[in-house]
Amino acid sequence: MPTVEELYRNYGILADATEQVGQHKDAYQVILDGVKGGTKEKRLAAQFIPKFFKHFPELADSAINAQLDLCEDEDVSIRRQAIKELPQFATGENLPRVADILTQLLQTDDSAEFNLVNNALLSIFKMDAKGTLGGLFSQILQGEDIVRERAIKFLSTKLKTLPDEVLTKEVEELILTESKKVLEDVTGEEFVLFMKILSGLKSLQTVSGRQQLVELVAEQADLEQTFSPSDPDCVDRLLQCTRQAVPLFSKNVHSTRFVTYFCEQVLPNLSTLTTPVEGLDIQLEVLKLLAEMSSFCGDMEKLETNLRKLFDKLLEYMPLPPEEAENGENAGNEEPKLQFSYVECLLYSFHQLGRKLPDFLTAKLNAEKLKDFKIRLQYFARGLQVYIRQLRLALQGKTGEALKTEENKIKVVALKITNNINVLIKDLFHIPPSYKSTVTLSWKPVQKVEIGQKRTSEDTSSGSPPKKSPGGPKRDARQIYNPPSGKYSSNLGNFNYEQRGAFRGSRGGRGWGTRGNRSRGRLY
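Letter by letter, the sequence shown follows residues 1 to 524 in full-length UniProt numbering.
Structure (structure tokens):
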């Protein structure tokens, strides 16, 4: 075991040798042996080994292994020094191995050490992105769970900080290829992180790139399988996947496949949905997703059939007036509860899909069914007017801080919801029904109108309802109930159904939460 003096002497030999440094193999071996010494010797070895590493390719394995011993030393200062110097070993064919080692070192619980590992990984990423990705993905696919988790988080947070010259098209293609391998066996949280990684790649910002991502999500969502509403994991997976798909949809990247699945498989089972998330109004979340997707639905194969399913579900939330109940008896009956949040979603979705089959209400429904629908619309609209007046009265004169109280936030959202429904009902009362009005869903940010752009006359993003109340057959002078007991969501702002735990269960080998046990211990 060399002493401190011997280490300095051999360092001097190597430093003075300049061009002929490679001829002093014995001197470098002495420095390698320094890792077997005490604290002072190890600290010197941690600095000296990488300095002359490139001059002794025949001792590369011994040098890397010696440095790794220091990376696992009990003394935290020695570990930090050894980790800090690791990028100097990332030359040529050694780089993927160093990337693999650094990825494993992400499991450290020491924050300073963890930051050093992150910085070292970023450093070698800029030397050779493909080689570094090889090491990272090797551990993601085969490493232990804590390493896998931190490697994925490294990619999700650090890739976006790298310059364009590092993240070339070829590098992004490699990320996509390797990510597809990982997505064959992921948890829910991992899936969300990988979608964040992939959707941030420049090469996937194109229409074809977005389409690729939608297809990836559709595969994870299992849209080819029959939906199981009583299985909370199945429901959870569908919602999480759909939330990842929604931002990808556009006028060129259609949501047709998802909308079709929701209409055919989910809507008929809406009342029996189960969720592992406590306190979540799962039915409302599903309807919100459907509403958001309906704007970007393309040509649908079974449009009339699915539109009818949507229409039938809408009817469930559009009650008849009490006078229309069976036997004509309504004495003592409570007024029906109007579930405004549900109706906004369903009516919006029906309005969007109805544009593709504008004669659905007039040509596809029989006269009695249409009459029944108009009665329900009128009854809902009359109750709506009462509620809008009450909300406006309650919010009148309130500005700034007063509108930020929880109670008033709910009222502001309720006013958006009711205004939206009002506009859509008015559209459907046209003869023939119209599908021209534009509304902004109550939980979505208001779209700014460019200067010179005409705002659609029925756009309710300003919060103002149409001036004229809906038409329709005049009924007698019976007064609508004292204010309707409407149900609207108190879950304000943008709907954000983030992952809430892993996707559990498995799909023929794809475990959405429980991945196969991996080997433990040092894999360097």
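Even for Gly, the Cβ is constructed at its ideal location relative to N, Cα and C.
Bear in mind that the values here come from a model prediction, so they are computed numbers and not experimental data.
Check, Outcome
"Just curious, the alpha helix (DSSP H) that Phe52 is in, first and last residue?", "Taken as a continuous stretch (DSSP letters only), Phe52 belongs to no alpha helix (DSSP H), as it is neither H nor E."
"Between Phe258, Ala17, Ala46 and Leu59, which has its C-alpha nearest Gln67's C-alpha?", "Ala46"
"Please classify Arg79 as buried or exposed, where buried requires at least 16 other C-beta atoms within 10 Å of its C-beta.", "buried"
"For the putative contact between Ser179 and Leu198, defined by C-beta atoms under 8 Å, what is the C-beta separation to the nearest angstrom?", "6 Å"
"Closest to Ser77 by CA distance: which of Phe89, Lys42 and Leu320 is it?", "Lys42"
"With distances taken from CA atoms, which of Leu428, Lys25, Lys84 and Gln23 is nearest Pro50?", "Lys84"
"Can Cys241 and Ala291 be called in contact, C-beta distance under 8 Å?", "no"
"DSSP state of Gly134, grouped into three classes?", "helix"
"Alpha helix (DSSP H) containing Met293: first to last residue?", "Ile282 to Ser294"
"Looking at C-beta atoms only, is the number of pairs between the segment 278 to 286 and the segment 315 to 324 that lie closer than 8 Å three or more?", "no"
"Report all residues from its chain with a CB closer than 7 Å to the CB of Arg148; omit the five preceding and five following residues, and keep chain order.", "Gln139 and Ile140"
"Is it right to say Val192 is buried, meaning 16 or more other beta carbons lie within 10 angstroms of its own, or is it exposed?", "buried"
"I'd like to know whether the C-beta atoms of Val117 and Leu136 end up nearer to each other than 8 Å.", "no"
"For Ile388, which option in Gly134, Gly38, His351 and Val413 has the closest C-alpha, if you only look at C-alpha atoms?", "Val413"
"Have a look at Ile101 and Glu72 and give me their C-alpha separation to the nearest angstrom.", "11 Å"
"Report buried or exposed for Ile417, applying the criterion of at least 16 other Cβ atoms within 10 angstroms of its Cβ.", "buried"
"Assess, as a yes-or-no matter, whether the segment 249 to 260 is touched by the segment 212 to 228 under the definition of 3 or more beta carbon pairs within less than 8 Å.", "yes"
"Within the chosen definition, does the segment 344 to 359 reach the segment 367 to 374 through at least 3 CB pairs nearer than 8 Å?", "no"
"Among Asn269, Arg150 and Phe48, whose alpha-carbon lies nearest the alpha-carbon of Leu70?", "Phe48"
"In three-state DSSP terms, what is Cys297?", "coil"
"According to DSSP, is Ile431 helix, strand or coil?", "coil"
"List the endpoints of the continuous alpha helix (DSSP H) containing Tyr28.", "Lys25 to Leu32"
"According to the neighbour-count rule (16 or more other Cβ atoms, all chains shown, within 10 Å of its Cβ), is Val207 buried or exposed?", "exposed"
"Name the two residues that bound the continuous alpha helix (DSSP H) containing Ala120.", "Ser111 to Met127"
"In the DSSP assignment, the alpha helix (DSSP H) including Thr272 goes from what residue to what residue?", "Here Thr272 belongs to no alpha helix (DSSP H), and DSSP marks it neither H nor E."
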